Amino acid sequence: MSEPEKTFEPATCRHCDGEGCLYCNKAGTVLVTAPKTLCGHCEGVGCIYCGFTGWAGPKSRCD
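So the sequence shown is numbered by the numbering used here: it starts at 629 and just counts up by one.
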């Protein structure tokens, strides 16, 4: 059985506030699972669980 396909939506990187940094590949936005929600571990500040973007479920290279 295959997993249901995840949908992603763009969100402003909370680490750089959209200016571009290493965590968003200098784009200012990151793709996160829809609906976008702040990271429950750091409340949007940035931690290892959200990839320092501040958002829950950021898209990884494996997705």
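Glycine residues also receive a C-beta, built at the ideal position from the N, C-alpha and C atoms. Please read all numbers here as calculations on a predicted model, not as lab measurements.
Nearest CA to the CA of residue i: which residue from the options?
i	options	result
residue 648	681, 671 and 691	681
residue 655	664, 662, 673 and 639	639
residue 641	631, 658, 630 and 650	658
Between the alpha carbons of residue i and residue j, how many angstroms are there, rounded?
i	j	result
residue 678	residue 633	20 Å
residue 684	residue 643	13 Å
residue 663	residue 636	8 Å
residue 666	residue 652	16 Å
residue 674	residue 631	28 Å
Tell me, please, which residues DSSP counts as bridged to residue i.
i	result
residue 637	660
residue 666	683
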